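Participant:
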Amino acid sequence: MKLNHYRITVEALDDAGGVLPTHEPLSFETSNHDDLYAIVEKLGRRDDLEKDEILHLAIGLKLFGKVLMENRESPLFDDFFPHFVEFMKNLKKGTPK
Numbered sequence: 020m021k022l023n024h025y026r027i028t029v030e031a032l033d034d035a036g037g038v039l040p041t042h043e044p045l046s047f048e049t050s051n052h053d054d055l056y057a058i059v060e061k062l063g064r065r066d067d068l069e070k071d072e073i074l075h076l077a078i079g080l081k082l083f084g085k086v087l088m089e090n091r092e093s094p095l096f097d098d099f100f101p102h103f104v105e106f107m108k109n110l111k112k113g114t115p116k
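Add 19 to a position in the sequence shown, counting from 1, and you land on the number used in this note's numbering.
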């Protein structure tokens with residue numbers, strides 16, 4: 020299976036008090052069978068989310084979904100897994116513009 024490789028970086032711009040952060044950026048590499056850019060573009064056709072919300076949702080779901088799928092046998096996810104599957108089905112049906 021072809022995998023797409025990504026580097027995800029989170030960098031604090033300031034803290035809640037407006038002070039410059041002292042933390043180093045958080046960065047990691049990951050791979051996914053899906054093209055994240057294509058997913059963001061597809062979700063961008065929805066009319067029920069703002070553009071920045073679409074980006075947050077797409078990246079967050081793909082990262083979380085990967086962990087969930089790799090650990091679906093874990094008791095930690097027992098209650099949540101069926102709801103995630105249903106949510107993803109509904110998201111894919113969508114409300115395109």
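C-beta atoms are modelled at their ideal positions from N, C-alpha and C, and glycine is treated no differently.
For clarity, every value in this text was computed on a predicted model and none was experimentally measured.
1) Rounded to a whole number of angstroms, what is the C-alpha to C-alpha distance between Ile27 and Pro44?
2) Only counting the same chain, and skipping five residues up and downstream in sequence, which positions put a Cβ closer than 7 Å to that of Asn90?
3) For the beta strand (DSSP E) containing Glu105, name the first residue and the last one.
4) Entirely within the segment 44-74 and at least 3 residues each: give me those beta strand (DSSP E) ranges in chain order.
5) Could you check the C-alpha separation between Met20 and Asp33 for me, to the nearest Å?
6) When you compare the CB positions of Lys81 and Asn109, do they come within less than 8 Å of one another, or not?
7) If you count every other CB in all the chains shown that lies within 10 Å of the CB of Ala77, and 16 or more means buried, which is it?
8) So what's Val86 in DSSP terms, helix, strand or just coil?
Facilitator: On the basis of the supplied data:
1) 10 Å
2) If we look at Asn90 and ignore the five residues flanking it on each side, its Cβ neighbours are Phe96.
3) First-last for Glu105: 100-112, but that is the alpha helix (DSSP H), not the beta strand (DSSP E).
4) 45-51
5) For Met20 and Asp33, the distance between alpha carbons rounds to 40 Å.
6) no
7) buried
8) helix
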